[in-house]
Ligand SMILES: CSCCC(=O)C(=O)COP(=O)(O)O
Ligand SMILES: [Zn+2]
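Residue numbers (this note's numbering): 82 to 519.
See the structure below:
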């Protein structure tokens, strides 16, 4: 099931990394270094704050020595207590371990490809872990899949957001990231965390990985997966565009302008960098669903899963050069016949319908450019650009079809319907004299 979201919030232990890695690798690394760290960094304000918090939380005397503080810290670690001063200290120790290369984070095999794909598709990624933000940044700087810190735009821990089982923590993250929780999803292996996020309005997915402590946990109404391979997230805007494109394509197919699998449509999602939602290639455009859509870049190359229209490169060029918000391409017959009759451009004049393609009046003529067909979208784009005029929102590709664009799909459709009418009129009224121009 494909889900449209803007942000994916991730728990670490049991979700991104095996639990045993935290317990046997990270804890084993930190445990013998806690005491020496306290001694070596006694003058550091951060460590002084940690020691004071431990004394206070554990009910020790304000001047309790390092030995007592250490005993408390070891007790918390053995009980796997997620207590802030312990997490802060562990984070500092792990930071050094990652910096020296002694520690390397091991992700589950499905994690890095999924994170990269979601990031490339324009989703924001963030982390919420009981491990400190310092520890998170260090852990992601050296992983079995390289440095992945660049994929994340937010890090939260129990100090910056609050306890992971409290609804208020998820509200704090929503506010900090300025995201609509209904368009954000939290992935965790702990049912209580999932329930807290859901109570704050987030979408949630339970991650029940085989062999992990919570593999058989009950996530209630939340969806549960065993691997990120089972997740299909796309930007909410892409899915919404897919819905719009599918409805629009069905209209054109109904008119008979998209025979077979011909034709393709696109809308601009973003201008900087340019991103378009374009219909998938090789499918019956009358039968599209919201997920038959691919996000492409300024060259028509896919940046989300799926195979975009083979003509996506020309859509992107038109969107960039003409500043269009939507581009439609159909295989209606009239434009191709008109290009056959007037291969140097189709001149239209003296018709009220010209207002429908952006002319000021019936006596304001327009020439629709015609370019030769080809399979190289870069070459077609160059040919389009050479003949481009900002007041002509259409292009005929000879022996192929027509492209029309506008601020949105609705305007592009209105222009296309009027242009098709004009071309049919031109063909019909010059049948007896093919050399005649309107
Ligand atoms: C019979 S369709 C030939 C390809 C074409 O011109 C077209 O418009 C459809 O291509 P797409 O890759 O968008 O399916
Ligand atoms: Zn085509």
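All C-beta atoms in this analysis are idealised placements derived from N, C-alpha and C, irrespective of residue type, glycine included.
Leaving out five residues on either side along the sequence, give the residues of the same chain with a beta carbon under 7 Å from the beta carbon of residue i.
i, result
"residue 75", "In the structure as shown, the chain starts at 82 and stops at 519, and residue 75 therefore has no counterpart that could be examined."
"residue 485", "409, 474, 475, 493, 496, 497, 500"
"residue 458", "381, 392, 394, 395"
"residue 229", "193, 196, 221"
"residue 310", "191"
"residue 480", "417, 454"
"residue 371", "320, 323, 324, 327"
"residue 296", "289, 290"
"residue 399", "405, 408, 465, 484, 486"
When you compare only the Cα positions, how much space is there between residue i and residue j?
i, j, result
"residue 104", "residue 293", "12 Å"
"residue 153", "residue 240", "20 Å"
"residue 167", "residue 248", "23 Å"
"residue 265", "residue 85", "9 Å"
"residue 269", "residue 367", "39 Å"
"residue 99", "residue 129", "32 Å"
"residue 74", "residue 488", "Since the first and last residues shown for the chain are 82 and 519, residue 74 lies out of range."
"residue 306", "residue 299", "12 Å"
"residue 237", "residue 124", "27 Å"
"residue 339", "residue 323", "17 Å"
"residue 271", "residue 142", "36 Å"
"residue 437", "residue 193", "50 Å"
"residue 517", "residue 420", "14 Å"
"residue 346", "residue 320", "14 Å"
"residue 432", "residue 470", "20 Å"
"residue 429", "residue 447", "5 Å"
"residue 318", "residue 144", "57 Å"
"residue 514", "residue 468", "27 Å"
"residue 222", "residue 156", "29 Å"
"residue 108", "residue 288", "23 Å"
"residue 150", "residue 159", "14 Å"
"residue 232", "residue 440", "47 Å"
"residue 280", "residue 302", "12 Å"
"residue 234", "residue 369", "34 Å"
"residue 278", "residue 122", "37 Å"
"residue 162", "residue 351", "45 Å"
"residue 349", "residue 135", "54 Å"
"residue 181", "residue 353", "38 Å"
"residue 131", "residue 178", "20 Å"
Within a Cβ cutoff of 8 Å, which residues of the same chain sit near residue i, ignoring the five residues on either side of it in sequence?
i, result
"residue 415", "501, 504, 505, 508"
"residue 388", "361, 362, 363, 375"
"residue 335", "367"
"residue 452", "461, 464, 465, 468, 476, 477, 478, 479"
Bridge partners for residue i per DSSP, in chain order?
i, result
"residue 93", "Note: residue 93 sits in no beta bridge, so no partner."
"residue 486", "408"
"residue 209", "237"
"residue 383", "377"
"residue 266", "89, 284"
"residue 277", "Answer is none; residue 277 lacks a bridge partner."
"residue 84", "314"
"residue 370", "Answer is none; residue 370 lacks a bridge partner."
"residue 98", "94"
"residue 230", "In DSSP, residue 230 forms no bridge with anything."
"residue 478", "452, 482"
"residue 255", "Per DSSP, none; premise fails for residue 255."
"residue 224", "186, 227"
Which same chain residues end up closer than 6 Å to residue i when comparing Cβ atoms and leaving out the 5 residues on each side of it in sequence?
i, result
"residue 343", "412"
"residue 171", "111"
"residue 283", "251, 262, 265, 267"
"residue 273", "246"
"residue 137", "none"
"residue 450", "426, 468, 476"
"residue 313", "83"
"residue 285", "267, 275, 278, 279, 303"
"residue 403", "486"
Am I right that residue i and residue j are in contact with their C-beta atoms under 8 Å? What's the rounded C-beta distance?
i, j, result
"residue 445", "residue 435", "6 Å"
"residue 373", "residue 327", "7 Å"
"residue 405", "residue 355", "No, residue 405 and residue 355 are not in contact; Cβ-Cβ is about 11 Å, not under 8 Å."
"residue 385", "residue 202", "4 Å"
"residue 189", "residue 242", "Actually they are not in contact, since the Cβ atoms of residue 189 and residue 242 sit about 24 Å apart, beyond 8 Å."
"residue 357", "residue 397", "6 Å"
"residue 88", "residue 258", "6 Å"
"residue 461", "residue 483", "Rounded, the Cβ-Cβ distance is 13 Å, inconsistent with contact."
"residue 216", "residue 175", "5 Å"
"residue 102", "residue 183", "Rounded, the Cβ-Cβ distance is 14 Å, inconsistent with contact."
"residue 185", "residue 225", "6 Å"
"residue 316", "residue 204", "6 Å"
How about residue i: is its C-beta nearer than 8 Å to some C-beta of chain D?
i, result
"residue 357", "The chain labelled as chain D is not found in the depicted structure, where only one protein chain is given."
### Query
Taking only runs of the beta strand (DSSP E) that begin and end inside the segment 386–469, which ones reach a length of at least 3 residues, in chain order?
407–411, 427–429, 447–449
### Query
Considering only residues of the segment 281–326, which uninterrupted beta strand (DSSP E) runs meet the minimum length of 3 residues and lie entirely inside it, listed in chain order?
284–288, 304–306, 313–316
### Query
Which full runs of the alpha helix (DSSP H) of 4+ residues lie inside the segment 320–363, going along the chain?
none
### Message
At 4 residues or longer, what runs of the alpha helix (DSSP H) sit wholly inside the segment 163–220?
### Response
165–181, 192–201
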